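J.:
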Amino acid sequence: MSADADERVLAVARGLGALGLLVVAAALIVAAGAGTTEAADPGAFPGIRANHAWSVLVLLVLGLAALLCAGLVARRTGRVARVVLAVAVAGLVLLGGRVAWEVAPMLGCGGADGLARQADGSYACYDR
Numbered sequence: 330m331s332a333d334a335d336e337r338v339l340a341v342a343r344g345l346g347a348l349g350l351l352v353v354a355a356a357l358i359v360a361a362g363a364g365t366t367e368a369a370d371p372g373a374f375p376g377i378r379a380n381h382a383w384s385v386l387v388l389l390v391l392g393l394a395a396l397l398c399a400g401l402v403a404r405r406t407g408r409v410a411r412v413v414l415a416v417a418v419a420g421l422v423l424l425g426g427r428v429a430w431e432v433a434p435m436l437g438c439g440g441a442d443g444l445a446r447q448a449d450g451s452y453a454c455y456d457r
């Protein structure tokens, strides 16, 4: 193989690696978003609920770390792959921001087993 062909093979391998990391990041961020479903719609889930704030935060941080790794791997891929990855990263960062917005008020109840959303949007902490 020529040096040019070797470089193309490496670029494709990097692109596939970045895609794999992007899929992992998307799965983690979507799972974190699923953990805030009850918080996003308190009318459908009234009463005391389990406090998943810290596990959601861990999933969110891991997802954002996977996005960072995907960006680092994709730096040396082709131009089209970088553009596609940049668009996907932008969308996932926006989704991660929404998840962070939903989970931030719940972090005040870090040591409590349960929480309930109040009418003003704050959370009351409960130990069961």
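Okay, so the sequence shown: first residue is 330 according to this note's numbering, each after it adds one.
Even for Gly, the Cβ is constructed at its ideal location relative to N, Cα and C.
Source: prediction; values computed, not measured.
1) Determine the burial state of alanine 379: buried for a count of at least 16 other Cβ atoms within 10 Å of its Cβ, exposed for fewer.
2) Quick check on the DSSP output: what are the complete alpha helix (DSSP H) runs of length 4 or more inside the region 379 to 433, in order along the chain?
3) Just mark glycine 450 as buried or exposed, buried being the case when its beta carbon has 16 or more other beta carbons within 10 Å.
4) Helix, strand or coil for alanine 354, going by three-state DSSP, please let me know.
5) Can you give me the start and stop residues for the beta strand (DSSP E) that cysteine 454 sits inside?
6) List the residues that DSSP assigns as beta-bridge partners of alanine 445.
7) What do you get for glycine 357, buried or exposed, if any count of 16 or more other CB atoms within 10 angstroms of its CB means buried?
8) Within 10 Å of its beta-carbon, does arginine 524 have 16 or more other beta-carbons around it, so buried, or fewer, so exposed?
T.: So, from the listed chains and residues:
1) exposed
2) 382 to 403 and 408 to 432
3) exposed
4) helix
5) 452 to 455
6) Ala453
7) Glycine is not the amino acid found at residue 357; the sequence shown has leucine there. Label assigned to leucine 357: buried.
8) Any answer about residue 524 is impossible in this case: the structure gives the chain only from 330 up to 457.
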